[in-house]
Structure formats: structure tokens, C-alpha cells
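These notes are about the structure you will find just below.
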Amino acid sequence: MRWLPLIWLLIPLAAHAEGPVRLDVAASAIAADRKDLTITLRLDAPAPYRVFLLDAPKRLVIDMEGLDLAGADAARIPGAAAMEAVRAGPFRPGWGRLVFQLRAPYAVIEAVQQTAGQGATLRLRLSPVAAEDFAGAPNAMSALWDLPQPTTPVVDPSRPQPLRVAIDPGHGGIDSGALAEGLREADLMLAFARELTEKLIRAGFEVVLTRRKDEFVGLEARMTEARASGADLFISLHADALPDGQAAGASVFIWNSQADDRASRQLAARHDRADLVAGLDLQGTDDQIAGTLMDMARADTQPRSEAFAKHMSAHLAQAGLALHRNPVKGAAFSVLKSPDIPSTLVELGFLTDASDRANLTDPAWRARMAQAIAGAVTDWSKDDSARAALRRH
Ligand SMILES: [Zn+2]
């Protein structure tokens, strides 16, 4: 049997989410037919939607544009007892979400939305699969699709959790990064990542490394690792090469798809090329709606990334470390695309620059750099938790 991929987006031709779309709970149903499950949702209008599976616990999630779930108790859909739980709630502005917690691993084998009179019916068929065939592995995109917050906090709020920082040593394995005078960017960044980890742990943070040895890790896998480990902040470490002495000194980059700085474009192309060289397909992971959703999610995250970048450049300047003349820049680095983890990429220096090379191989300089980054994380985390209170309005 072939089943449908993890995530897909379906927009019926007639769909237009102009007004709110309502779910008729009483006319909807969950039916067990031998081993299969059929979910039928009765809607008052057709609408774009997406379906995907999440693991731990196993869930089927339906997001629908314009779906207004006010007054609709999805747990009362007839047949809901076939599920471990059924929940519903608003997702992003203008979208509603239904979450079906599964009792066993299933694959979605059919998803059909049909108009019926004034309304529409969305029908999904699920077939049981072996646990190892369950296609709900977490991925970078699942950032967008976290469940609505549980009403009971899982964590004791009187004991604040330490901030968890994902450190991403650039390149590795087949992708050596920049090369100069016998130095490999990949090696330098892994060594520096270990030094930085020690400083961060001493400063009271938890650290996750996206790469622990000299191995190739794709850009998306780096974000996935950060996400899967619940990172609060993502810092990618690089010391790239730019031709003709175009760059010297440290720079801090944040996501900007519109960046038109020539050096930034060259660097972004270099980084993405590494994935292509290693045979990873960068296409097909985004679609238009997903792109829109990513932008919406990023709208919350981007100011937090910017704030961290500012703390970084301030701390680097305070420590007297060589900074690029324009130290905080936007760039379309794929690794900064996580929609909900504030992310920055630091070029500690450029391997093409002789004095940067001397710094990067100087343990005393590296210790100052690591200390400055740890200081920036400390200040940012205080700032960010103060702002979090405001964000939660
Ligand atoms: Zn690099």
C-alpha cells in the first residue's frame, strides 16, 4: 500500500475563505470501518486546508483557513471515542486547527473535500500502519504546527527552565567550508563550538550542538535538531571566505529574504550550495501557503532575532573584537529560516583575511569571543523574558 506524504496542502478550486467557515459538529462523524478510520467533517463552506501527522503523541492535524471553531466542541463529534482525544482551537490569525490524537499509528490514505449544497464535506480515510511506518516524524516545518498550548502548564512555573541554546558549527564532513592556509572552516567552527559550549554552560545555559563531529549535516537537519531539542535560540558559527578581501571582522546575520547586499548573497549561495553538493534537494519543502505561514510565524520571531543580533554586536564591540564596519546584516541564509526560534549566524571572521585568520587560531582571542557571545546570550535572555510578558499580552 502507498500512503500519502506527511504533509500536503489541498486547495479545492471553489475554495475561498472569505468569511468564517464553521464546523457542524453534530453532522460530522468519526467512523471505524474494520481497521480503517474515516473522519467526515461537515463545513458550511469549502476552504483551503492542510493535513499532516505528528509523532509523540501520534496526532492527525487539520489546519483550515477561515475555520472559526467558536462554540464548536470538536470532542463531541459523533464517534470521537475512536480517538484518544479530539481538540480544536485557533491556530494563526485566520486559521483554525483540529487535532485528533490517535490510538495507534495510521497513514492518511485519502483526503477529499467536496462541495455539498451551500456547504462542503471534508473526508479523510486513515489506515493502520506499523509503528515504524508512521510518517509523523518531527521536522523543521512542524515549528508552525505545535499544538495549542495545554491549559495546565507541564513545567513548574516557580522553577524557571534554563534557556537552551542550539550551537550550529557550520559545514562539516564532505563540506569543509572555507579553506585557507591549511585551515578548514568546518574544523575551526567545531572547535570553537566546544569552547563556546563550555562558556554557555558556566553561564547557566543548556546547549545543544547541531553537529558533534566532522560530519555533513544538511541545513534543514540543523534546524530540525534545534527544534527537536526545544532550543530557545539558534546560533550558527562560520568563518567563511569572500574573494578580494571583501570582508574582514565579525558580522552577525539575521534572516532577510530581501537582502540585496552582494557579499551576503555570495555567502548565502555558498551555504546552500553545500547542501546541493551533498545531494539534498532544497526544492519542494515550501509551498506558497506554507511560505505565508512561515512569514506570519516569523513576524513574532524576527524582532527577537534582531534583539539578539544587537546584543551580540554590542558585546563584541565591548570586548574589543574586530567587527565588520556594518556588523548586523540581513541575509537569506536557509539555516536562519526557523519560524519560531530566534536565529542568528555569526561570521566570527573571514578565513580570507590574514588578521582574522590569526585571531581564529589564537586561543586567547577565541576565549574572548566565546565570552562575548555568552554575555550576549545572558543579556538577551533577560531582555527576552521581560518582553515575553508583553507578548503574552
Ligand atoms: Zn561557512
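Positions in the sequence shown are counted from 1; adding 21 to them yields my numbering. No residue lacks a Cβ here, since even glycine has one placed at the ideal position from N, Cα and C.
Straight-line CA distance for residue i to residue j?
i: V238; j: A284; result: 24 Å
i: I130; j: V150; result: 11 Å
i: A156; j: A201; result: 43 Å
i: S402; j: L217; result: 17 Å
i: K79; j: I51; result: 17 Å
i: T373; j: A409; result: 40 Å
i: L411; j: Q323; result: 16 Å
i: M333; j: E368; result: 12 Å
i: L337; j: A343; result: 8 Å
i: V107; j: R146; result: 16 Å
i: D154; j: L143; result: 25 Å
i: L258; j: S406; result: 24 Å
i: A93; j: D282; result: 50 Å
i: G225; j: A269; result: 32 Å
i: F121; j: P111; result: 15 Å
i: F73; j: L81; result: 6 Å
i: S359; j: R325; result: 12 Å
i: P348; j: P69; result: 42 Å
i: A330; j: A109; result: 37 Å
i: I98; j: A77; result: 23 Å
Just mark residue i as buried or exposed, buried being the case when its beta carbon has 16 or more other beta carbons within 10 Å.
i: N380; result: buried
i: G40; result: exposed
i: T231; result: buried
i: G191; result: buried
i: D189; result: buried
i: T365; result: buried
i: P264; result: exposed
i: A128; result: buried
i: R243; result: buried
i: A289; result: buried
So, for residue i: in the same chain, excluding its five sequence neighbours on each side, which residues have a beta-carbon less than 6 Å away from its beta-carbon?
i: L254; result: V186, P363
i: L88; result: V42, G117
i: D45; result: R63
i: A397; result: H332, M333, H336
i: A262; result: A199, L372, T373
i: I60; result: I51, L145
i: W386; result: N380
i: H345; result: G270, S272
i: M210; result: P190, G191, L258
Please return the same chain residues whose Cβ sits closer than 7 Å to the Cβ of residue i, not counting the five positions on each side in sequence.
i: G251; result: R185
i: A141; result: L64, A66, P67, Q134, Q135
i: A20; result: Past the boundaries of the shown model lies residue 20; the chain is included only from 22 to 414, so the question cannot be answered.
i: E327; result: I275
Using a Cβ-Cβ cut-off of 8 Å (strictly less than) and excluding sequence neighbours within five positions of residue i, which residues of its own chain qualify?
i: R378; result: A201, E202, L204, G370, L372
i: Q392; result: K220, A340
Establish whether the CB of residue i and some CB of chain D are separated by less than 9 Å.
i: M333; result: In summary, chain D is missing from the structure at hand, where a single protein chain is found.
In the DSSP assignment, what residue or residues form a beta bridge with residue i?
i: G203; result: Answer is none; G203 lacks a bridge partner.
*Where in the stretch 316-400 do unbroken runs of the alpha helix (DSSP H), each at least 4 residues long, occur, reported from the N-terminal end onward?*
375-381
*Give, in chain order, every unbroken run of the beta strand (DSSP E) that is at least 3 residues long and sits entirely within the stretch 33-107.*
42-54, 57-64, 70-75, 80-86
_If we require 3 or more residues per run, which beta strand (DSSP E) segments fall completely within the stretch 217-296?_
227-230, 254-259, 271-276
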